[in-house]
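> Oh and the sequence shown: position 341 is 341 in UniProt numbering, straight run, nothing missing. Using N, Cα and C, we set each Cβ at its ideal position, and we do this for glycine too.
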Amino acid sequence: MALNGKVATESAPSNLNEEMKGEYRPPFGGSDESKVPEDFIWSEKFEASELLPVLDVPTIDLEKFMSGDKSYVEEATRLVDEACRQHGIFFVVNHGVDIEMMGRVHDCMNEFFTMPLDVKQRAKRKVGESYGYTNSFFGRFASNLPWKETFSLRCVAAQNSSAAHDYVLDTLGPSFSHHGKAYQECGIALNELGTKIVELLGLSLGISREYFKNFFEDNDSILRLNYYPTCDKPEVVLGTGPHTDPTSVTILHQDPVSGLQVCSNDQWYSIPPNPEAFVINIGDTFTSLTNGIYKGCIHRAVVNSMNARKSLAFFLCPSHDKVVRAPEELVEKSPPRKYPDYKWPMLLEMTQKRYRPDCNTLEAFKTWVQEGKALDTGSTITAPSA
Ligand SMILES: C=C1C[C@]23C[C@H]1CC[C@H]2[C@]1(C)CCC[C@@](C)(C(=O)O)[C@H]1[C@@H]3C(=O)O
Ligand SMILES: O=C(O)CCC(=O)C(=O)O
Ligand SMILES: [Fe+2]
């Protein structure tokens, strides 16, 4: 199975006229609803089946873990360690996030994504930026377009930051204030959950509980709302192609419609939805923080012909001035040092402007840095040292 191919160019597709760029096209409003436009069709090597074996993923009871029960802490850290070395994904339950609040967020998502295009476009994400609304990315990628719409918001750790709410008000207007409040509340809750997750990860790696808690204390994260419309030919498209998240740790909430799939040992598996649980994925930045000990989770999302699907991802990201560098203890466990030191905006910039995130983003980033390309941007970067 080919997983590592770079799947699209970064330039705008040449077969689109200016009017089409940024517009929503069939089956999202065109005349022939049953015909999938060519630039949404993924080649056979990416063939997406809905019927796959279910991956055996550990479920961690966070309340029990936080209570400090010694034998449970040992069991939870062992399970997480095993999962993150193997495929980079696990579930958490009893996580302290109010599920009714998540329900309100999903209601807002339903309301938002079913609004007319011109309303959603008020929050249009500009090429090269990380926040706002976008559909299909056809101003950004030339082929293998994702069958989805997304709305991304900035979530900074400071409790009093109202970045998400302010953004919704500024772009969509006061009639969306309840959306802004719901997304803001959700971002704060997922930030708190993120703190518990990185404590768990610190312990499972055999370093202190505080190490990553301190590192991500002032995180500058992204809350992303994903909406996957139905498709008459779901087997030829992908909601999201195979990739690892370039971010550090992803907290994902799925609605009851299935679609998430994960690759482990070159084999694709499904991850059934459980709205009571959160899915935790390791991303590239956490892989570099562990010197490669924890694997970035290779995943994708398929769509179906019956039900539109929603998911919500909180991408935990370091603050923009933090240097991403694995601690010596972890380098000693798995020498030599494998990644250059960098700041998150460098990797973000590469994925927004120069490289489409796929299963190979971190290696591409390493090469990009080693070739000195990253130096053009003015950010600090240093070569890896053993
Ligand atoms: C910083 C980010 C870029 C993406 C959103 C967040 C974290 C995950 C990235 C993404 C989801 C990886 C798959 C491809 C992508 C283009 C997408 O399908 O949305 C990526 C996001 C993006 O670049 O907008
Ligand atoms: O929708 C999903 O289940 C996965 C979404 C995803 O991978 C992403 O937003 O990065
Ligand atoms: Fe992802």
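Quick check on the DSSP output: what are the complete alpha helix (DSSP H) runs of length 4 or more inside the stretch 265 to 307, in order along the chain?
Runs found: 284 to 289.
> Alpha carbon to alpha carbon, what distance is there between LYS373 and ARG354?
Here the question's residue 354 lines up with position 354 in the sequence shown. Here the question's residue 373 lines up with position 373 in the sequence shown. Using only the alpha carbons, I get a separation of about 11 Å.
> Rounding to the nearest angstrom, what Cα-Cα distance links TYR183 and LEU193 in this structure?
Against the sequence shown, residue 183 aligns to sequence position 183. Against the sequence shown, residue 193 aligns to sequence position 193. Taking the straight line joining both Cα atoms gives about 15 Å.
> Helix or strand or just coil, what does DSSP make of LEU255?
Looking up residue 255 in the sequence shown gives position 255. For clarity, residue 255 is Asp in the given sequence; the question names Leu instead. Coil.
> Any heavy atom of ligand 2 closer than 6 Å to the CB of LEU260?
As a working mapping, residue 260 is identified with position 260 in the sequence shown. Yes, Cβ of LEU260 sits closer than 6 Å to a heavy atom of ligand 2.
> Less than 8 Å between the CB atoms is what I'm expecting for PRO273 and LEU347, so what's the real figure, rounded?
Residue numbering aside, residue 273 sits at position 273 when the sequence shown is read from its first letter. Residue numbering aside, residue 347 sits at position 347 when the sequence shown is read from its first letter. Actually they do not touch by this definition, with Cβ atoms about 29 Å apart.
> Taking contact to mean at least 3 C-beta pairs separated by less than 8 Å, is the stretch 296 to 315 in contact with the stretch 84 to 103?
yes
> Report the rounded CA-to-CA distance for CYS359 versus GLN254, giving the unit in angstroms.
For the purposes of this step, residue 359 is taken as the residue at position 359 of the sequence shown. For the purposes of this step, residue 254 is taken as the residue at position 254 of the sequence shown. So the two alpha carbons sit approximately 22 Å from each other.
> DSSP on LYS366, reduced to helix/strand/coil?
One-based indexing of the sequence shown puts residue 366 at position 366. Note: LYS366 maps to helix in three-state DSSP.
> For ligand 3, is there a heavy atom less than 6 Å away from the beta-carbon of ASP81?
Mapped onto the sequence shown, residue 81 falls at position 81. Because no heavy atom of ligand 3 lies under 6 Å away, the Cβ of ASP81 does not count as near it: no.
> Check ASN214 in the structure and name its three-state DSSP category.
Locating residue 214 in the sequence shown gives position 214, counting from the first residue. Helix, per DSSP.
> In chain order, what are the residue ranges of uninterrupted beta strand (DSSP E) at least 3 long that sit wholly in the stretch 167 to 255?
220 to 228, 240 to 243 and 249 to 254
> Would GLY22 be called buried (16 or more neighbouring beta carbons within 10 Å of its own) or exposed?
Counted from its first residue, the sequence shown places residue 22 at position 22. Since pLDDT at GLY22 reaches only 41, below the 50 mark, its modelled position is unreliable, and the value read off the structure follows with that caveat. So GLY22 ends up on the buried side.
> Give me, in chain order, the residues of the same chain whose beta-carbon lies closer than 7 Å to that of PRO327; leave out the 5 immediate sequence neighbours on both sides.
Numbered from 1 along the sequence shown, position 327 holds the residue referred to as residue 327. Within the same chain, ILE207 and TYR211 come within 7 Å of PRO327 by CB-CB distance, once the 5 residues on both sides are set aside.
> Rounded to whole angstroms, what is the Cα-Cα separation between THR250 and ILE282?
Within the sequence shown, residue 250 is the residue found at index 250, counting from 1. Within the sequence shown, residue 282 is the residue found at index 282, counting from 1. Taking the straight line from one Cα to the other gives about 7 Å.
> If distances are taken between C-alpha atoms only, which option among PHE286, PHE112, GLU38 and PRO318 comes closest to ARG154?
One-based indexing of the sequence shown puts residue 154 at position 154. Looking at the Cα atoms, PRO318 is the closest of the given residues.
> If I'm right that GLY241 touches PHE46 with Cβ under 8 Å, what's the distance once you round it to whole angstroms?
By 1-based counting over the sequence shown, the position of residue 241 is 241. By 1-based counting over the sequence shown, the position of residue 46 is 46. Confirmed, about 7 Å.
> Tell me whether ARG25 sits in a helix, a strand or coil according to DSSP, three-state version.
For the purposes of this step, residue 25 is taken as residue 25 along the sequence shown, with counting starting at 1. Any answer about ARG25 is weak, because its pLDDT of 46 lies below 50 and its placement is not dependable; what the coordinates show is given next. Note: ARG25 maps to coil in three-state DSSP.
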